[in-house]
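Structure record follows, encoded as structure tokens.
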Amino acid sequence: MTMKLKKIAALLTVCAMGASLAACGSDSASTTAASNNTTKTTAGSTTTAGAEEEETEAKTTEGGAAPAEDLSGSVATGGSTSVEQVIGALSEAFMEEYTDVDITYDPTGSGAGITGAEDGTLDIGLSSRALKDEEKEKGLVETTFALDGIAIVVNSENTVEDLSLEQIKQLATGEITNWSEVGGPDLPVVLIGREAGSGTRDGFESIVDVEDACVYEQELTSTGAVMAAVASNPNAFGYVSLSAVDETVKPVTVDGVAASEETVQDGSYQIQRPFVFVTKEGEELSPQAQAFVDFATGDAAKELIINAGAVPLE
């Protein structure tokens, strides 16, 4: 009996040890599984966070503007009529991306655009000429967003094809009074130009060196009006933005060089000027206005500027 009891006790001890080992193995497996699950959860969290960061970055503009859903409100622009097509194309593309922003444009001439930026009635003034020293002294700042050639246009019936810069000066000041003097028809010369304060007029007169010396038959308040007047008068010539030229008038070459994107960009076409945003120094733009300036001066805007007939910066 004693031997049998010892064998039974030994067997019970072995069983107890086996159960204990099994339990330990189970606990170890559970711990390992829990550890694995924690690692996977942490990794999943990291992956999600990275995706969110990438998504946020994708919604941020090149110039550092806020994500599209964070921009709203209006941006009031106004000034040069020469920039109408360019500012229209840029505004439309910007508002497609930032659907809660409304950009307005009032075509009142460069002078009014500069004044609007100065007195705060405009968020961004638009000028088709560089600021003068006295305007910069008032605390105004210019940001060039495109270039433009000033095309010299004649009536489509006029046989003149090319004019030198000196001939243009003489035609504008009345020193040459008949088109036959420059190889054209026997007709009197009629100059159609822009009103005082126009950026196009200022650009033309300063480059050709005819400030306060032009003999105007008509002084009109928009680029379109100048083209319409030249188109309807066989004797007329005028100056208009390259971006606005259409088949109703005939542009002439200047010293053998045609106004084009390439010749404006490389400087070989002499009669050219900048398109600029005018703002006030020390006064921070609204987030939506700053985002629009960043967009219009970024690489993404270049194709829009070309399609609108102006010349992007290199």
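Under the numbering used here, think of the first position of the sequence shown as 668, with each following residue one higher. All C-beta atoms, glycine included, are put in the ideal place defined by N, C-alpha and C. All values reported here derive from a predicted model rather than from experimental measurement.
Helix, strand or coil for Asp853, going by three-state DSSP, please let me know. Along the sequence shown, read from residue 1 onward, the residue named residue 853 stands at position 186. Reduced to three states, the DSSP call for Asp853 is coil.
Spatially closest choice to Gly923 from Ser777, Gly778, Ile819 and Gly780, by CA coordinates: The sequence position of residue 923 within the sequence shown is 256, counting from 1. Closest option to Gly923, Cα to Cα, is Ile819.
Using the three-state DSSP reduction, which class does Ser831 fall into: helix, strand or coil? Here residue 831 refers to the residue found at position 164 of the sequence shown. Note: Ser831 maps to coil in three-state DSSP.
Thinking just about the alpha-carbon of each residue, which of Asp853, Met894 and Ile938 is nearest to the one in Arg861? For this step, residue 861 is matched to residue 194 along the sequence shown. Considering only Asp853, Met894 and Ile938, the residue with the shortest C-alpha distance to Arg861 is Met894.
Who pairs with Thr811 in a beta bridge, going by DSSP? Taking the sequence shown and counting its residues from 1, the one referred to as residue 811 is at position 144. DSSP lists Val943 as partners of Thr811.
Ends of the alpha helix (DSSP H) at Pro954? Reading the sequence shown from its first residue, position 287 is the one you call residue 954. In the DSSP assignment, Pro954 falls within the alpha helix (DSSP H) that extends over Pro954 to Ala963.
At what residue ranges does the segment 752-830 contain a whole run of the alpha helix (DSSP H), taking only runs of 4 or more? Every unbroken stretch of the alpha helix (DSSP H) spanning 4 or more residues and falling wholly within the segment 752-830 is given here in chain order: 777-786 and 800-803.
CA-CA distance, Thr1002 and Asp829? The requested residue 1002 is not part of the displayed model; the chain covers only 668 to 981.
Just confirm the distance between the C-beta atoms of Ala797 and Phe942, as a whole number of angstroms; I'd bet it's less than 8 Å. Your numbering for residue 797 matches position 130 in the sequence shown. Your numbering for residue 942 matches position 275 in the sequence shown. In this structure, Ala797 and Phe942 do not form a Cβ contact; the two beta carbons are roughly 10 Å apart against a cut-off of 8 Å.
In the DSSP assignment, find the beta strand (DSSP E) that holds Gln937 and state where it starts and stops. Residue mapping note: residue 937 aligns to position 270 of the sequence shown, counting from 1. Looking at the DSSP string, Gln937 is not in any beta strand (DSSP E), and its letter there is neither H nor E.
Val742 - containing beta strand (DSSP E), residue span: Stepping through the sequence shown from its first residue, residue 742 is reached at position 75. For Val742, the enclosing beta strand (DSSP E) has its first and last residue at Gly740 to Gly746.
Using a Cβ-Cβ cut-off of 8 Å (strictly less than) and excluding sequence neighbours within five positions of Asn900, which residues of its own chain qualify? For the purposes of this step, residue 900 is taken as residue 233 along the sequence shown, with counting starting at 1. For Asn900, where only same-chain residues beyond five positions count, the Cβ hits under 8 Å are Asn822, Val857 and Ile859.
Along the chain, where does the beta strand (DSSP E) containing Ser927 start, and where does it finish? As a position in the sequence shown, residue 927 is number 260, starting the count at 1. Counting along the chain, no beta strand (DSSP E) covers Ser927, and no H or E run does either.
Which residues does DSSP pair with Gln837 in a beta bridge? In the sequence shown, the residue the question calls residue 837 occupies position 170. Beta-bridge annotation (DSSP): Gln837 is not paired with any residue.
Among Val849, Lys836, Ala898 and Gln885, nearest to Glu878 - alpha-carbon criterion: Working through the sequence shown from its first residue, we reach residue 878 at position 211. Looking from the CA of Glu878, the closest CA among Val849, Lys836, Ala898 and Gln885 belongs to Lys836.
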